[in-house]
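Numbering (the working numbering), first residue to last: 243 to 443.
Glycine included, C-beta positions come from ideal geometry on N, C-alpha and C.
Step one of this worksheet: look at the structure below.
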């Protein structure tokens with residue numbers, strides 16, 4: 243069963259240009275849906291080279307739900323535009339869902355050599371596995387049936403991914419599994435927003 247990748251975007255021209263080699267590879271492994279929230283730059287024109295374009299109202303939760311609705315596969319994978327996964331990691335996610343599991347995420351690896359990021363990764367990966375506290379930077383792969391059963395992402399201005407993780411945690415039939423395969427994440431938002439704000443948002 244193929245897996246569809248859903249990526250919400252808004253004025254991401256610079257990142258898409260920087261990661262053009264990656265997206266050229268990613269489109270060979272899965273169908274990508276870029277869900278645009280009304281970009282005013284060249285985001286849509288660039289993203290169209292790598293996947294399908296879905297137009298949506300602005301808002302991460304709204305955009306991700308719209309992407310899920312427009313996608314075709316029974317397996318869904320939600321990623322951030324500045325994240326990076328390997329073909330192997332994606333295949334592991336597909337195999338995980340094919341075995342009858344409902345939902346999982348990757349292990350986060352931040353693209354920065356500073357020790358503080360290694361400590362941060364450990365905390366985020368640990369709380370996902372031990373406490374079921376989901377962070378969107380971990381990526382999310384889920385069966386469509388499970389996604390619909392949970393009602394999709396709540397339309398919140400922030401922390402919609404954390405709220406979705408709580409839905410999984412409250413479900414009697416689902417458990418969030420954390421794969422050992424890495425998802426590489428840009429460190430840009432930690433420098434822009436700061437560690438404390440990023441950790442809680």
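{"Query": "List the whole-angstrom C-beta distance separating residue 384 from residue 315, where the pair is believed to meet the contact cut-off of C-beta under 8 Å.", "Result": "Actually they do not touch by this definition, with Cβ atoms about 11 Å apart."}
{"Query": "Jot down the residue ranges of each uninterrupted alpha helix (DSSP H) in the stretch 366-437, minimum 4 residues, whole runs only, in chain order.", "Result": "386-391, 402-412 and 430-435"}
{"Query": "Evaluate residue 270 with the Cβ neighbour count: other Cβ atoms within 10 Å of its Cβ, from every protein chain shown; 16 or more gives buried, anything less gives exposed.", "Result": "exposed"}
{"Query": "What are the complete alpha helix (DSSP H) segments, minimum 4 residues, inside the stretch 304-353?", "Result": "329-340"}
{"Query": "Take residue 422 and list the residues in its own chain whose beta-carbon comes closer than 8 Å to its own, dropping the five residues that flank it on each side.", "Result": "349"}
{"Query": "Are residue 247 and residue 319 touching if we call contact CB-CB under 9 Å?", "Result": "yes"}
{"Query": "Suppose the cutoff is 6 Å on Cβ atoms and the five residues either side in sequence are ignored; what does the same chain contact list for residue 378 look like?", "Result": "403"}
{"Query": "Name the two residues that bound the continuous beta strand (DSSP E) containing residue 273.", "Result": "273-278"}
{"Query": "Going by beta carbon distance, what residues of the same chain come within less than 8 Å of residue 410, once the five residues before and after it are set aside?", "Result": "345, 374, 376, 392, 416, 417 and 418"}
{"Query": "Near residue 277, what residues of its chain come up, given a Cβ to Cβ distance below 6 Å and the 5 sequence neighbours on each side ignored?", "Result": "250, 296, 298, 305, 308 and 309"}
{"Query": "Out of 294, 355 and 365, state which residue places its alpha-carbon closest to the alpha-carbon of residue 428.", "Result": "355"}
{"Query": "Below 6 Å CB to CB, which residues in the same chain sit around residue 327 once its five sequence neighbours on both sides are set aside?", "Result": "425"}
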